[in-house]
Amino acid sequence: MLEEVSVIDQGDMIINIGPQHPSTHGVLQLVVTLNGETIKKVEPHLGYIHRSIEKMCESLSYRQFIYVTSRMDYLSSHINNHGCALCVEKGLQIELPERAKVIRVLMDELTRIASHELWWGAMAMDLGAFTPFFLAFRERETITDIMEDTCGARLTMNYIVPGGVMADLHPDFQRKVKAFIKLFREKADQYNELVTGNIIFQSRMKNVGILSKEDAISYGCTGPTARGSGVNCDIRKLYPYEIYDKLKFDEILETGCDSFSRYLVRVKEMYQSISIIEQLIDNIPEGDFQAKTKAVLKLPKGEFYTRVETARGELGVYIVSEGGTTPYRIKFRSPGFSNLSALNHMAKGGKIGDLVAMMGTLDLVIPDIDR
Amino acid sequence: MTNEELKIKLTELLSSATFEEGTDPIAIGWVNLFIAPAEWKPFAQQLRSTEGLDFDFLFCVTCIDWKTHLTMVYHLTSTKHRHTIVVKSKLDRTKPEIETVCDIWRTAEFHEREQAEMFGVNFLNHPDLRKLILTDDFEGFPLRKDFEDPINMIKL
Amino acid sequence: MWSLGNITQSVDAWLNEAFSPAIALLIEFVIVGTMAISLFAILGLVLVMMERKVSAYMQIRLGPNRVGPKGMFQTFADTIKLLLKEGLTPTGSDKFLFNLAPVIAIISAMLLLAPIAFAKDFQMWDLNIGVLYVSAISSVAVISILMAGWSSNNKYSLLGAMRSGAQIVSYELSAGLSILAIVVLVGSLKMSDIVASQETGWWLFKGHIPALIAFVTFIIAATAETNRAPFDLAEAESELTAGFHTEYSGMRFALFFLAEYVNIFIVCAIGATLFLGGWMPFHIGQLEAFNHVMDFIPSSLWFFGKTFFLIFVIMWFRWTFPRLRIDQLLNLEWKYLLPISMFNLLLATAIAIMGWHF
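Protein chains in written order, with the working numbering: chain A, 1 to 371; chain B, 372 to 527; chain C, 528 to 885.
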């Protein structure tokens, strides 16, 4: 089942892509074995941004460690915080006020859109089209502005804390989000026309980076990467947390198994997120935004595991507690790490241009992979 | 399959497995079972292929350092039946060895490499057990409890 | 009437009066050479500025706007920066070829200026095989790219150069065939004849379908030959960082950069000459009054207007389309463009023989 490790013949070329390369989106190093333009093997080398967050968390209290997790998957830092907060709440059996739940879901979905917008721009740039990057950033900017009003930060929000959220919503929140929905609906269709319908774009993505359903499961792929191969894996649907079971939205599944279906999944997910926001924005219940919690949190002895759906896939937070104020061991099951492991399988036999397109559709965020 | 049914089925497969009962508030309600490291590989094969179990999705591989021993934790789920189990195995801390499962679940290849360099677990028959995240000349196993690094580690 | 042609004639007459013919010719050479080099510099500055502004407006941003009025002097500042930068030669590179490559790129671009008719009676060298000369010299440019890629001792450069070699050699064919379609209609390879034949209308309109097809093929092939997106595989910054000029810095990089932009200008100028009438004003058949009004616009303006319109189109491509993959690029040429342009040449020949064109 395992592929041969040594495939290097005479005449093959080994080329280092990264860690400083325009399309690795960070500091990922790929050692690629090429025969001409054809890829024989891709070997990722990680660790350029490894900060050992798991070790750091072991010496931080349950209130403190959440801030570190924002720095993992910085594009969906909200959802990282959410997963950790959920895990702590599960241990302490805190019941959240309705308002906090709705705010969390709203923020999650806004983050998801922001992350997918950035991915969309970067994806187009990987394929050599520059303009979509700027277009995508305009919409993303609106979301970061909304975030800044409420959370005080634009990228690493640290807004979700155990027991609810840090602060109440900004008075302008609803107005601005509604304006954003209007703007998004207007622009997204134009962008689809510009990029999704483009024949060069389609021919670059179709039948490239094939990842069959079985392989996707075996490689532990989650999120849009796996859903592009037809695997049901949306945690929001399968293991609903917060109020996702009461919301109407579809799990996007594409069965093309190629780069283009992964692309479509992400684009369509943006529309689903918008519809979730539309359902909630007028129905934010009144009440507290935080449950009453003790000043010092102490998790009981035991093991706690929560899974949330980030923009890149399933984030698992596994806390082993010995009853103290700090976790005994904490493990983050990051989606990018597993998704990346499928790259070698997908890239084999493709061209260098395909490799870039595949990395684009995997939506790699390196701090998320290295942790 | 419910947890009770799973337990019966799993005991049939491996009689020596012991279940961890609800001494802690594991609200998720997953079946936790302990096995000996030597039994892991054939048992994993059975978990993957037995009709009705079909654990095809290994979503988390973790190692925990308990100072006296190491524990490998495998979280397995089935995309077909949607049941989840947690398999744990105690390893000797001085010579931690366990069979690799990366030919059963290919995602294990990366996860095992990560745990190997962080905890020093030797995954037998792993095709490529080089360091993945740390530098090649890194000494020690950073996630073990007794790891000390006076320069880079910040104690709070 | 004031025109560039009159000025050159009076200068020529004055020089021949004042000096012996041999010295007058020498002085003319020097003048022409200086003008070619200064045109190079001006084109570099103007086109880089144009590209940055065009892309900025397409990408909802402002572009350079700090240096000088509306940022117009930004390219001057960039040029000075490039001139002052240290030109690094990587160890392990073939130093002679590494330094020679940008020079060849710039020389081949410069040679191409010779047969272009910039205005009425304003042409450096109206040789009788003008179009053939252009096709021949423009293929020399690939040598400089291959040389640069090979001598840099860098794998990215090598891959870029190989891609570029395959690409330019292939697209040369359909560029040549689409030019031939017009040559068949005109019956001459001489640039001045081609322009003169369009007095009653541009070939794009006169030549029916073959000319249209040839025009589209030519624009695609020209974009590919100048290594511009969506055919910029030789650079492909998201794949090969910077392709064949990864290792170049300072002025040697600037020479490649300049050569690229001058090449764009030249292919667009040739496109304008062949399909849009060169310096010939826009004439409609027998409408005397309209044609007279058009004649009042100086011929040099017509020429530069058409050329810059084509340059704008090529820039528009670049900021709209994603890049093709290498196999798709070659498929497009060998499976589609080449058969189409061969068939098109037959069609053009038939039309020329039957005299069906206007």
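Ideal placement from N, C-alpha and C gives every residue a C-beta, glycine not left out.
Asked                                                                                                                                                                 : Found
Whose C-alpha, out of A:P367, A:S203, A:A357 and A:R329, is nearest the C-alpha of B:V444?                                                                            : A:R329
For the beta strand (DSSP E) holding A:V320, just list the boundary residues, first then last.                                                                        : E314 to S321
Please confirm whether B:H446 and B:W401 have their CB atoms less than 9 Å apart.                                                                                     : yes
With a CB to CB cut of under 7 Å and the five nearest residues on each side skipped, what residues in its chain are close to C:M869?                                  : L704
What's the C-alpha gap between B:D395 and A:L28?                                                                                                                      : Residue confidence is low: B:D395 scores 48 on pLDDT, short of 50, so the model does not pin down where it sits. No coordinate-derived value is stated.
Within 10 angstroms of the Cβ of B:H440, are there 16 or more other Cβ atoms? Answer buried if so, exposed if not.                                                    : exposed
Among A:I53, A:M72, A:F65 and A:R99, whose alpha-carbon lies nearest the alpha-carbon of A:Q290?                                                                      : A:R99
What in chain D is Cβ-close to A:M125, meaning under 7 Å?                                                                                                             : The chain inventory of the structure shown lacks chain D, comprising the protein chains A, B and C.
Which residues in the same chain as C:A636 place their Cβ atom closer than 6 Å to its Cβ, once the five residues preceding and following it in sequence are excluded? : A786, V789 and N790
Spatial neighbours of A:P19 within its chain, please: C-beta separation below 7 Å, excluding the five flanking residues on both sides.                                : V27, L28, Q29 and Y48
Taking the beta strand (DSSP E) that C:C795 falls in, what are its first and last residues?                                                                           : No beta strand (DSSP E) holds C:C795; the alpha helix (DSSP H) holding it covers G777 to F802.
For the pair the stretch 334-351 of chain A and the stretch 201-216 of chain A, tell me if three or more CB-CB distances fall below 8 Å.                              : yes
Is the shortest distance between the beta-carbon of A:V231 and the beta-carbons of chain B less than 9 Å?                                                             : yes
Kindly indicate the opening and closing residues of the beta strand (DSSP E) around A:K41.                                                                            : T38 to H45
Counting C-beta neighbours from all protein chains within 10 Å, is the total for C:Q650 16 or more, i.e. buried, or is it exposed?                                    : buried
Please check the pair C:R779 and C:G614, which I expect to be a contact at CB under 8 Å, by giving their CB distance rounded to whole angstroms.                      : 5 Å
I want to see whether chain A comes within less than 9 Å of B:T421, judged by CB atoms only; does it?                                                                 : no
Can you tell me whether DSSP reads B:S460 as helix, strand or coil?                                                                                                   : strand
Considering only residues of the same chain and omitting the five flanking positions on each side of C:L566, which have a CB-CB separation below 8 Å?                 : L640
Strictly under 9 Å for the Cβ-Cβ distance: is A:K55 near chain B by that measure?                                                                                     : yes
The beta strand (DSSP E) with A:F332 in it runs from where to where?                                                                                                  : R329 to R333
Hey, could you find the ends of the alpha helix (DSSP H) C:T602 is sitting in?                                                                                        : Q601 to L611
Using a Cβ-Cβ cut-off of 6 Å (strictly less than) and excluding sequence neighbours within five positions of A:Y318, which residues of its own chain qualify?         : Y305 and K331
Check each residue of the stretch 821-854 of chain C: if its Cβ is closer than 7 Å to any Cβ of chain A, include it; give the result in chain order.                  : W846, T847, F848, P849, R850, L851, R852, I853 and D854
What are the residues in the stretch 579-596 of chain C lying within 9 Å of chain A by C-beta distance?                                                               : S582, M585, Q586, I587 and R588
Suppose contacts are defined by Cβ-Cβ distances below 9 Å. Is A:G220 in contact with A:L253 by that definition?                                                       : no
Pull out every residue of the stretch 11-25 of chain A whose Cβ sits closer than 7 Å to any Cβ of chain C, in chain order.                                            : M13, I15, H21, P22 and S23
Note down, in chain order, each residue of its chain lying with its Cβ closer than 6 Å to the Cβ of B:A398, except the 5 sequence neighbours on either side.          : The predicted position of B:A398 is uncertain, since its pLDDT is 48 and thus under 50; no value can be drawn from it.
By the criterion of Cβ-Cβ separation under 8 Å, what are the contact partners of B:P513 in chain A?                                                                   : S52 and K55
Helix or strand or just coil, what does DSSP make of B:I397?                                                                                                          : Note on B:I397: pLDDT 49, under 50, position unreliable in the model; the coordinate value appears next. Three-state DSSP puts B:I397 in coil, outside helix and strand.
In chain C, which residues lie with their C-beta within 7 Å of the C-beta of A:K351?                                                                                  : R852, I853 and D854
Given a cut-off of 9 Å on the beta-carbon distance, is the pair B:P413 and B:K461 in contact?                                                                         : no
What residues from the stretch 737-765 of chain C come within 9 Å of chain A, judged by C-beta to C-beta, listed N to C?                                              : A756, P757, D759, L760, A763, E764 and S765
Spatial neighbours of A:T38 within its chain, please: C-beta separation below 7 Å, excluding the five flanking residues on both sides.                                : G349 and K351
Hey, could you find the ends of the alpha helix (DSSP H) C:Y698 is sitting in?                                                                                        : K682 to V713
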